[in-house]
Every structure is written in structure tokens, then in C-alpha cells.
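*Asks:* Sharing a structure with you now.
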Amino acid sequence: MYQIPKKLDLSEAIGQCTTQLRIGPFDIQFSFGKVNFNIQSRVVLKSDGKIIGQWEEGSWPDATFYEVFNRAMVNWQLQENSIILSLENGIEMQLIAGNDGYECIQISIEEQNILWVI
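Under full-length UniProt numbering, the first residue of the sequence shown carries the number 1, and numbering increases by one thereafter.
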């Protein structure tokens, strides 16, 4: 079973912006500086604790994903089944790890030869 490792370190992404989202039928990909994300599970955008957008396999992301562009990541936190990326505009991107036992999130950090598979 793939889980979010407690030693996952995304500090390399702090202060970095994403300039594009790459959408496929089964994944969404984006980068914050040298930290690359490839997600095959649900991604939720929240503002003030309320869901304002989401992406799921087989669908196009909501228009609110536009609010992610050119916004710096200011913090991140790990929860039991998700990774929360906090952006400078108050939006939180919640990357939800599936609980079906299959990998659904890959995170790589350029020049460090690191690949996290969750």
C-alpha cells in the first residue's frame, strides 16, 4: 500500500510559482519550481475552507484552477491521506491520495534524483 511518507519534504517549492497545468484523461501535472507533481487522483481547491474547484480523472478541471497560475506556494502540510499546498492568494490545493492501495501521486525534485511514489 502506498502512503504519504512522513519524511516527504516539499520545502524546495516554497516561494515558487506554477505557470501551467498539464491535463490528460487520467492525470493532471504541474510544477512549483523544481518540484514536479503528477496526480492520478482527486485534486480539490479550497478557499476559506470551502471547495471552489476540483479535478478528477476523466474530466476537465474547473475554471477556478486558473487561480493557481503564477501564485507562489507559501506552505505545505501532510495529512493522513492528502497533501495540502497553500498558495499566496489563500487557495489551498489538496492532493488526495487514493485509499485503494495503488499509486496515484508521483512527486519528483529536479537535480536531486528524488521520486516519491504515493
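Cβ coordinates follow ideal geometry from the N, Cα and C atoms, glycine included. These figures come from a predicted structure and were not determined experimentally.
Can I109 and L95 be called in contact, C-beta distance under 7 angstroms?
*Replies:* Not closer than 7 angstroms, so no.
*Asks:* If you draw a straight line from the C-alpha of R22 to the C-alpha of F65, how long is it?
*Replies:* Going from the Cα of R22 to the Cα of F65 covers about 12 angstroms.
*Asks:* Quick one: what does DSSP say S11 is sitting in, helix, strand or coil?
*Replies:* Looking at S11 - three-state DSSP - the assignment turns out to be helix.
*Asks:* Identify, in the order they occur along the chain, each residue of the same chain with its Cβ nearer than 6 angstroms to the Cβ of G49, setting aside the five sequence neighbours on each side.
*Replies:* Same-chain partners within the cutoff: there are none.
*Asks:* From the DSSP output, which residues share a beta bridge with A63?
*Replies:* Partner(s): none; A63 has no beta bridge.
*Asks:* Measuring straight from C-alpha to C-alpha, what distance separates E103 and E80?
*Replies:* If you take the alpha carbons of E103 and E80, they lie about 15 angstroms apart.
*Asks:* Looking at C-beta atoms only, is the number of pairs between the segment 2-14 and the segment 48-63 that lie closer than 8 angstroms three or more?
*Replies:* No contact exists between the segment 2-14 and the segment 48-63.
*Asks:* Ignore the nearest five residues each way along the sequence and tell me which others in S98's own chain have a CB closer than 7 angstroms to its CB.
*Replies:* At residue 98 the sequence reads Gly, which differs from the Ser that was named. The answer, listed in chain order, is S41, C104.
*Asks:* Using 10 angstroms around the beta-carbon of L115, count the other beta-carbons present and answer buried if the total reaches 16, otherwise exposed.
*Replies:* Burial call: exposed.
*Asks:* Considering only C-alpha positions, which residue in the set C17, S86, P25, Q16 is nearest to P61?
*Replies:* Considering only alpha carbons, the answer is P25.
*Asks:* Applying the 10 Å Cβ sphere with the 16-neighbour rule, what's the burial state of S59?
*Replies:* Under this definition S59 is an exposed residue.
*Asks:* Any heavy atom of the ligand ADP closer than 6 angstroms to the CB of P25?
*Replies:* Ligands displayed in this structure: none; no statement on the ligand ADP is therefore possible.
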